[in-house]
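Residue numbers (the working numbering): 294 to 801. Please read the structure below before turning to the comments.
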Amino acid sequence: MKCTRLRCWSILAATIYFIRLQGCNSRSWTEILDPNSINDGLPQPNSKNIDWIDIHGSQVPMFQELDATHVFTAEPSEIPSMMPSAEPITARPSKSPSRRPTSEPTSKPTFAGAQEPSNPPKGYFNYNPTSEYGPPKWGRVKIENDFWHTFDLNSNRNGNDCNSGSGQSPIDVCVKPKESCTETHEMRPKSGDYKMDGPFITKQILPSKLRLVMAPRTGDEPDPPQVDFSSNGKGLMDMTNIDFKFPSEHTVCGKRFDGEMQYYSYHPARRRFVTVVFFLEASVSYPRNDHLQEVINAFGRVFTEDKLKCQQKLRQQNSQSSAHSFAAAAGNRELEMDAFNNTNLDLDLFGDFDMWNATTNEYNGQSQRRLALKWHPFHPDIQKSVHFWGYKGSFTEPPCTDKIVDWKIMDVPTPISMKQLQQFKQILFNHVNGDCTKTAVHNSQGSVARPTQDPIKYYKCTRDNYVSDEERGVCGDAGCKVPFGEGLNPYYDPIVDVTGPPTRSPTT
C-alpha cells in the first residue's frame, strides 16, 4: 500500500530516531521515551540540543514537524528510502514573473434593493427603474414643503421639472467642453466656526442621501462655512448643506465613481445655488481619510440612536401587550423586528471607534476630541485640486427644479478607504428610524444616483485660466514651472486631460 508524503517522512524520521537508539544503554522503552528521563545526549523536543537533517538543501530539525508541502518525491515507494529523491517534481520558478493579481479585492455583495412600501407617503420616490416611483416616473411626484422650499426661490419654480426640464442634472462631462471658463481665481473657502458634534451641524440620514445641514446665519457669529466664487457674484456665500450620494451621480467620460459629495451654497440675491462636487474614490491602496471619518462617526451616532429608539419601542410594545391583543399586534411587531434585526452594522467595519457599543453608545476619546474641533469642508484631505468642470443644471431629485444650480465638479477625486465606503453605505442603506421603519430607497444595484440626463454645454477650468493662490504668491500669475511650486501643496493630475475652446491666459 502506498503511503502519503507526510506519512513517508514521518516513518523516515521515526526510523532515524530508532537507529540512534540502538547505541543507547539498555534502558526500558518507558525511560527512553519519557521526556523527563535523564539526558543521555539524545536530541530532545523543546531543547537547544537538536540534530538537523538535510532536506533538499534545507536544514530541518529532527523534532520539528515536517511540512509535506516543502518535501516532494517523484512517487511514494512502498518502503521509504533513507534519503529523499534528488529533484522535486515541481517545475523550477519561471524567469518571468506571473501576472500580478488584480489590484482590488472582490467587492462585498451589493445591498438588496429597498422594499417599496405598500402605502407610500406623499412625495415618495425611489431609484428602481421599473417602479411606478422610479426615475422615469419622477415627474408625477408632488413635493411640498421640502428642504428646498425653505429658501426664497422664484414663485414659478415650485413645480416639478423632472420629466419636462431642458437643463436636467446630473450629466456626463469629458474632454471636449463647448463653453469657456470665465473664472479668474480659485474658489476661496473659509471653514467657519461650526463643529461636527456641535448644535450648528444637523446630521440627517434621509432615504436617498446622507445630509449635513448648516444652521443659517443669525448674526455676526458663529459663521457657517463660506466660499468666494469668482464668477458667482462678489463676496462670500454661506454653505447650506452637504449631501452624500452613492455611487456618484455625475460621471467623467462615462466613469461613475464610488460616491459624490455635493456642497450647496445659496446666493439670496440671485436666488440660485452654487454646488461643488467632490467625487469619492475608494481603493485598498488608500489609507483611511481621517477628516471624513469624523463625518462617518457623526452619522454613525445618529444611526445608533435611531436603532435604540426602535429597540425601546419594541420593548414597550411587548410590555404593553395583553393576552387578548397579542395576536393582533404580533404581525406588526414581527415586521418591525425584522427591520430591526436586518440593520445590524458590520462591527468589523466600525472597529475604528467604540461608539457602536449599543449598551453605552459612547465615543472613544480620540474621536470625541476630533469632533469637538472646527470641521473644514475644504480640508486638504478632501480638496486635491483648484480646477473643475462647470455648467448650469438642476436638482438631481424631485422636484428637479430646472436651471437653478451652478454645478462645479472638481477634477481630482477625494480618496477614501474601502472600509470607509462600506461604512457610508451601511449607514444609508440599513437605516431604521425610531418607528422601526427602514428608510432607504436604493435600487437592486445599491444605488441612489439619478441616471445621467441629456447633454448640457459645460466648461472646464484649467491652469490656462488661473493657478492656485499659493502658486501665484510664489511665482506670480503665470504660475511656477513645477505646478504649485516646490514646498507647497502637491499637484495632482486631473482625472482626464481636457482640450476645448481657446481660453484666456492666466489672470493679469
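Idealized CB from N, CA, C, for every residue including glycine. Source: prediction; values computed, not measured.
| Check | Outcome |
| --- | --- |
| Cβ-based burial, Glu-542 [other Cβ within 10 Å; buried from 16] | buried |
| Distance between Gln-555 and Arg-518 (C-alpha atoms, nearest Å) | A small correction: the amino acid at residue 518 is Pro; Arg does not occupy that position in the sequence shown. Each residue's alpha carbon lies about 14 Å from the other. |
| DSSP state of Pro-429 mapped onto helix, strand, coil | helix |
| Straight-line Cα distance separating Ser-612 from Pro-482 | 53 Å |
| Same chain, Cβ closer than 7 Å to Phe-404, five either side skipped, listed in chain order | Lys-718, Phe-722, His-735 and Gly-739 |
| Length of the line joining the Cα atoms of Trp-649 and Gly-593 | Annotation note: pLDDT 43 at Trp-649 (below 50); position unreliable, coordinate value reported separately. When rounded, the distance between both Cα atoms is 8 Å. |
| Arg-743 classed as buried or exposed, judged by whether at least 16 other C-beta atoms fall within 10 angstroms | buried |
| Val-705 burial status per 10 Å Cβ neighbour count (16 or more: buried) | buried |
| Cβ contact check for the segment 749-768 and the segment 547-562: 3 or more pairs under 8 Å | no |
| Given 8 Å, three or more beta-carbon pairs between the segment 595-611 and the segment 687-704 | no |
| Trp-431 versus Pro-422 - alpha carbon distance | 10 Å |
| Inter-residue Cα distance where the pair is Ile-850 and Lys-701 | Since the displayed the chain opens at 294 and closes at 801, residue 850 lies outside it and no answer follows. |
| Asn-534 burial status per 10 Å Cβ neighbour count (16 or more: buried) | buried |
| Cβ-Cβ separation, Met-703 to Val-815 (assumed contact under 8 Å), whole Å | This structure cannot speak to residue 815, because the chain is shown only from 294 to 801. |
| Same chain only: Cβ atoms within 6 Å of Asp-674, ignoring 5 sequence neighbours per side | Asn-582 and His-584 |
| For Gly-406, the three-state DSSP class (helix, strand or coil) | coil |
| Residue of Gly-452, Gln-497, Phe-777 and Cys-474 minimising C-alpha distance to Trp-682 | Cys-474 |
| Beta-carbon contacts of Thr-745 that lie in its chain and below 7 Å, excluding the five residues immediately before and after | Pro-463, Ile-464, Asp-465 and Thr-544 |
| Residue of Phe-522, Gly-769 and Tyr-417 minimising C-alpha distance to Val-434 | Tyr-417 |
| For Val-767, the three-state DSSP class (helix, strand or coil) | helix |
| C-alpha gap between Ala-562 and Tyr-487, whole angstroms | 24 Å |
| Distance CB(Ala-591)-CB(Met-489) smaller than 8 Å | yes |
| Residue closest to Thr-477, alpha-carbon to alpha-carbon, out of Gly-769, Glu-764, Lys-774 and Asn-758 | Asn-758 |
| Option nearest Asp-699 by Cα separation, candidates Ser-523, Asn-438, Thr-707 and Val-506 | Ser-523 |
| Own chain residues within Cβ distance below 8 Å of Asp-790, not counting five before or after | Val-468 |
| Delimiting residues of the beta strand (DSSP E) encompassing Asp-674 | No beta strand (DSSP E) contains Asp-674, which DSSP labels as neither H nor E. |
| Whole beta strand (DSSP E) elements within the segment 522-570, 3-residue minimum | 530-538 and 552-560 |
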